[in-house]
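Undergrad: Numbering (our numbering), first residue to last: 1 to 50.
Every residue, glycine too, gets a C-beta built ideally from N, C-alpha and C.
Sending over a structure as structure tokens; questions will come in a sec.
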């Protein structure tokens, strides 16, 4: 009797977009055709508080 082991390797495609302006720091990440976004204020006072 023969036994076969099949292993599938899936590569995740990740794309990161960054937009820096005077007021905001915007990011968008595309992972497997799903978009996640995050927006931060672009000032020195809250860099480490988010």
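Between which two residues does the beta strand (DSSP E) harbouring residue 11 extend?
TA: Neither: residue 11 is in no beta strand (DSSP E) and is coded neither H nor E.
Undergrad: Would you call the CB atoms of residue 35 and residue 29 closer than 9 Å?
TA: yes
Undergrad: With distance defined between alpha-carbon atoms, name the residue in 23, 13, 15 and 18 nearest to residue 43.
TA: The shortest Cα separation from residue 43 among 23, 13, 15 and 18 belongs to 23.
Undergrad: What would DSSP say about residue 41, mapped onto helix, strand or coil?
TA: strand
Undergrad: Comparing alpha-carbon positions, which option in 37, 25, 31 and 40 lies nearest residue 12?
TA: 31
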